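Asks: Residue 58 in my numbering is what sits at position 57 of the sequence shown, and the numbering runs on without skipping anything.
Glycine is no exception: its CB is placed at the ideal position from the N, C-alpha and C atoms.
Nothing here was measured: the structure is a model prediction, and the numbers come from that model.
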Amino acid sequence: MAYPEVDSRRGDGFLVVGEVGLSDEDLVLLAELAKGVTVDRVGRRLDISGRTVRRRLRGICDRIGVATAIEAVAWAARRRLI
Numbered sequence: 002m003a004y005p006e007v008d009s010r011r012g013d014g015f016l017v018v019g020e021v022g023l024s025d026e027d028l029v030l031l032a033e034l035a036k037g038v039t040v041d042r043v044g045r046r047l048d049i050s051g052r053t054v055r056r057r058l059r060g061i062c063d064r065i066g067v068a069t070a071i072e073a074v075a076w077a078a079r080r081r082l083i
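(1) Under three-state DSSP, which class holds residue 51?
(2) Note down, in chain order, each residue of its chain lying with its Cβ closer than 8 Å to the Cβ of residue 28, except the 5 sequence neighbours on either side.
(3) When you compare the CB positions of residue 70 and residue 58, do they come within less than 7 Å of one another, or not?
(4) Helix, strand or coil for residue 1, going by three-state DSSP, please let me know.
(5) Less than 7 Å separating the beta-carbons of residue 47 and residue 74?
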């Protein structure tokens, strides 16, 4: 499977990844998961519910073309985004 490549960082807090945009908050979410923090704790740290974290994570996975949260974290780590 081919993954989009990182192009550049725009000034509005979004990372341009091919045609995909990841916000700074998306990257924080992935970074917290990479540390082993649970979804519910990530939600508390971001002042959102665990359900919202799961929904945002699903959106991130869909945008970058991966199937699981683990793949999303690995995708971001390989590109040195987290």
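Replies: Answer, in terms of the structure:
(1) Of the three classes helix, strand and coil, the one that applies to residue 51 here is helix, per DSSP.
(2) Here the set comprises 16, 77, 82 and 83.
(3) A contact, by the Cβ cut-off of 7 Å.
(4) Any question about residue 1 goes unanswered here, given that the chain covers just 2 to 83.
(5) The Cβ atoms of residue 47 and residue 74 lie no closer than 7 Å to each other.
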